[in-house]
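I have placed the structure first, in the form of C-alpha cells, so that the comments after it can refer back to it.
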Amino acid sequence: MCDLVARTGRHQQRYEDGRRLVAGCIPFRYRANNDETSDDKHKKLVEVLMINSQSGPGLLFPKGGWENDETVEEAAAREAIEEAGVRGDIVHLLGFYDFKSKTHQDACCPEGMCRAAVFALHVKEELTSWPEQSTRQRTWLTVPEAASQCRYQWMQEALLTGFSEWHDKWSRSGGGTNCDPA
1 MCDLVARTGR HQQRYEDGRR LVAGCIPFRY RANNDETSDD KHKKLVEVLM INSQSGPGLL
61 FPKGGWENDE TVEEAAAREA IEEAGVRGDI VHLLGFYDFK SKTHQDACCP EGMCRAAVFA
121 LHVKEELTSW PEQSTRQRTW LTVPEAASQC RYQWMQEALL TGFSEWHDKW SRSGGGTNCD
181 PA
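Reminder that position 113 of the sequence shown reads as 113 in UniProt numbering, one-by-one numbering, no gaps.
What follows is the structure, given as C-alpha cells:
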C-alpha cells in the first residue's frame, strides 16, 4: 500500500493565454556500459525512465497539471513521484513544449492547448510503491530506445533536442547536480 496520494481535480490548475500549464520531466540515471564491442566500456551509459500511457500504445515521460500552490519545479517533481515512483534532483529546464490534449479540454481551455515545462530529473531513489503503480509501469531505456517508443512527437523532441543536447554539455562539464550549462 502506498502512503502517497496523487492529486486529482482541476480547481488549482494554472492557465495562461488559453493554454493549460503542465510540468513534466525526463528522469535519468547512469549504468555501467558492459558492451564488450564498445571502445567506451568504462564510460557510463545514460538511461531515461518512461511510463506506459493509460490511453493507448507508446510510452511517456511523467507530466501533469501545474497547480497554483506549487512552483513549476515542484509540480514536475510531484508528477515524477505520482506517475513513475521516482525521486531525484531537478537539474535543468529543458524547454517549453506546446501540444494539444485530446482528453483534457475544459471551460478554461476549450481547444485543449497545453504548454509543458520539461525538466531533466537526476533520479536518486526508486520507490517500491507510488500513487499510480496500479496503472503505470516504468521502463528504463537508452535514449535511442526511448525516442523510438515515444507516444508523442513533442516528447520525442524534448528528449532528442532538449535532453540530449543539454546532457552532452552537462556530461562534458562534469555532470554534477550543481552544474547547469546554458
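By construction, the Cβ of each residue, glycine as well, lies at the ideal position given by its N, Cα and C atoms.
1. Starting from Q75 and walking both ways along the beta strand (DSSP E), at which residues does that stretch end?
2. Comparing C-alpha positions only, which one of W166, K100, E126 and D69 sits nearest to E82?
3. Starting from A147, trace the alpha helix (DSSP H) both ways and give me its first and last residue.
4. With distances taken Cα to Cα, identify the nearest neighbour of P131 among A80, F96, L94 and K124.
5. Which residues share a DSSP beta bridge with H92?
6. Near G56, what residues of its chain come up, given a Cβ to Cβ distance below 8 Å and the 5 sequence neighbours on each side ignored?
7. Do M50 and Q153 have their CB atoms nearer than 8 Å?
8. Give the DSSP-derived three-state secondary structure of L127 in the structure shown.
9. In whole angstroms, what separates the C-alpha of V118 from that of V143?
10. Can you check DSSP and say which residues form a bridge with W170?
11. Note down, in chain order, each residue of its chain lying with its Cβ closer than 8 Å to the Cβ of G58, except the 5 sequence neighbours on either side.
12. Tell me, which residues are paired with F99 by DSSP?
13. For A77, which of R31, P27, L45 and A146 has the nearest alpha-carbon?
14. Would you tell me roughly how many angstroms separate the C-alpha atoms of R29 and R14, rounded to the nearest one?
15. Let's see if you can read the secondary structure: which residues bound the beta strand (DSSP E) around E47?
16. Among residues of its own chain, excluding the 5 on either side of E16, which ones have a beta-carbon nearer than 6 Å to its beta-carbon?
17. In the DSSP assignment, find the beta strand (DSSP E) that holds G56 and state where it starts and stops.
18. Give the secondary structure of T161 by DSSP, where H, G and I count as helix, E and B as strand, and everything else as coil.
19. Can you say whether F61 is buried or exposed, counting buried as having 16 or more other CB atoms within 10 angstroms of its CB?
The relevant details are as follows:
1. Looking at the sequence provided, one finds Ala at residue 75 rather than Gln. That residue, A75, is in no beta strand (DSSP E); its alpha helix (DSSP H) goes V72 to E79.
2. Nearest to E82 by C-alpha distance, out of W166, K100, E126 and D69, is E126.
3. V143 to Q149 is the extent of the alpha helix (DSSP H) around A147.
4. It is A80 whose Cα lies nearest to the Cα of P131.
5. In the DSSP output, where bridge partners are listed per residue, H92 has A120.
6. So the qualifying residues of the chain are R151.
7. In terms of Cβ geometry, M50 and Q153 do not form a close pair [threshold 8 Å].
8. Of the three classes helix, strand and coil, the one that applies to L127 here is coil, per DSSP.
9. The alpha-carbon atoms of V118 and V143 are separated by roughly 16 Å.
10. Bridge partners of W170 according to DSSP: none are assigned.
11. Here the set comprises Q149, C150, R151 and Y152.
12. Partner(s): C114.
13. Ranked by Cα distance from A77, the first of R31, P27, L45 and A146 is P27.
14. If you take the alpha carbons of R29 and R14, they lie about 30 Å apart.
15. K44 to N52 is the extent of the beta strand (DSSP E) around E47.
16. Exclusion of the five residues before and after E16 leaves no residue of its chain whose Cβ lies closer than 6 Å to its Cβ.
17. No beta strand (DSSP E) contains G56, which DSSP labels as neither H nor E.
18. Here T161 sits in helix by DSSP.
19. By the Cβ neighbour-count rule, F61 is buried, with 16 or more other Cβ atoms within 10 Å of its own.
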